[in-house]
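Enquirer:
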Amino acid sequence: AQTVTQSQPEMSVQEAETVTLSCTYDTSESDYYLFWYKQPPSRQMILVIRQEAYKQQNATENRFSVNFQKAAKSFSLKISDSQLGDAAMYFCAGEYIFGTGTRLKVLA
Amino acid sequence: GAGVSQSPSNKVTEKGKDVELRCDPISGHTALYWYRQSLGQGLEFLIYFQGNSAPDKSGLPSDRFSAERTGGSVSTLTIQRTQQEDSAVYLCASSLWGSYNEQFFGPGTRLTVL
């Protein structure tokens, strides 16, 4: 991706509830991958989920899933059954271009 | 196996001095990336390597910044004549080659320029 935009600097969710983090992107590539990374406080960045643009089916990894709308260039992350350990910065990325991140707070 | 390591973990320097930051990628990872993360901000891409060559160094903010990679392994990011605005966490990541591969990140080097 050439640009990645995250418009939600911070989000909050109650434990066990569902939250959706938004991301839009722009690219001139015909085939590409998009990623969501998680950066817990004072810990290293790790991959949450990835999506190939050619795949029709939205990617799912346990409680994490994406809503990939190719025509709208939208790539949102849904976290179901939120847990305290999900509290972190979440970054949307296209290869090596990252968004500004969304800080997720999980309320007990 | 060992993950990506970076050294030093913290570096405090005086304005005008040169600094070198080191990254040891995961063995076998041909792609290596450098990012800068200012306090509470996103990741700013600096440069990436495929093997020892740097196809994209467009993110380097000025000619005071340079990077090299030797033997397709260790990489060094050098900042000359440091300025206070260079203060940030510098992150390194490595991956197998291919845009579909996830990046594995190091713990970062926190640089403070006084």
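So the protein sequences, as listed, match chains A and B. With the first sequence counted from 1, adding 230 to any position gets you this note's numbering. With the second sequence counted from 1, adding 104 to any position gets you this note's numbering. Even glycine gets a Cβ: it sits at the ideal position worked out from N, Cα and C. Owing to the predicted nature of the structure, the values given are computational and were not obtained by experimental measurement.
Just how far apart, CA to CA, sit residue 111/B and residue 333/A?
Expert: Start at 1 with the first residue of the second sequence, and residue 111/B comes out as number 7. Start at 1 with the first residue of the first sequence, and residue 333/A comes out as number 103. Cα to Cα, residue 111/B sits roughly 27 Å from residue 333/A.
Enquirer: Can you tell me whether residue 324/A is helix, strand or coil according to DSSP?
Expert: Mapped onto the first sequence, residue 324/A falls at position 94. Strand at residue 324/A.
Enquirer: Which same chain residues end up closer than 7 Å to residue 170/B when comparing Cβ atoms and leaving out the 5 residues on each side of it in sequence?
Expert: Counting from one through the second sequence, the residue named residue 170/B turns up at place 66. Once the five neighbours on either side are set aside, the close Cβ partners of residue 170/B are 182.
Enquirer: Do we get a CB-CB distance below 8 Å when we pair residue 142/B with the residues of chain A?
Expert: The count along the second sequence starts at 1 and reaches residue 142/B at position 38. It does not: the Cβ of residue 142/B has no partner Cβ on chain A nearer than 8 Å.
Enquirer: So, at 6 Å on beta carbons, what are the nonlocal neighbours of residue 244/A in its own chain, with the 5 sequence-adjacent residues on each side left out?
Expert: Mapped onto the first sequence, residue 244/A falls at position 14. 337, listed in sequence order.
Enquirer: Using a Cβ cut-off of 8 Å (strictly closer), state whether residue 110/B contacts chain A.
Expert: Translated into the one-based positions of the second sequence, residue 110/B becomes position 6. False, the Cβ-Cβ gap to chain A never drops below 8 Å.
Enquirer: Which chain B residues sit within Cβ distance under 8 Å of residue 293/A?
Expert: Mapped onto the first sequence, residue 293/A falls at position 63. Near residue 293/A there are no residues of chain B at all, since even the closest Cβ is about 18 Å away, more than 8 Å.
Enquirer: Give me the residue from 144/B, 198/B and 149/B with the minimum Cα distance to residue 109/B.
Expert: Along the second sequence, one-based indexing puts residue 109/B at 5. The residue with the shortest Cα to Cα distance from residue 109/B is 198/B.
Enquirer: Please state whether the Cβ-Cβ distance between residue 192/A and residue 252/A is less than 8 Å.
Expert: Because chain A spans 231 through 338 in this model, residue 192/A falls outside it and cannot be assessed.
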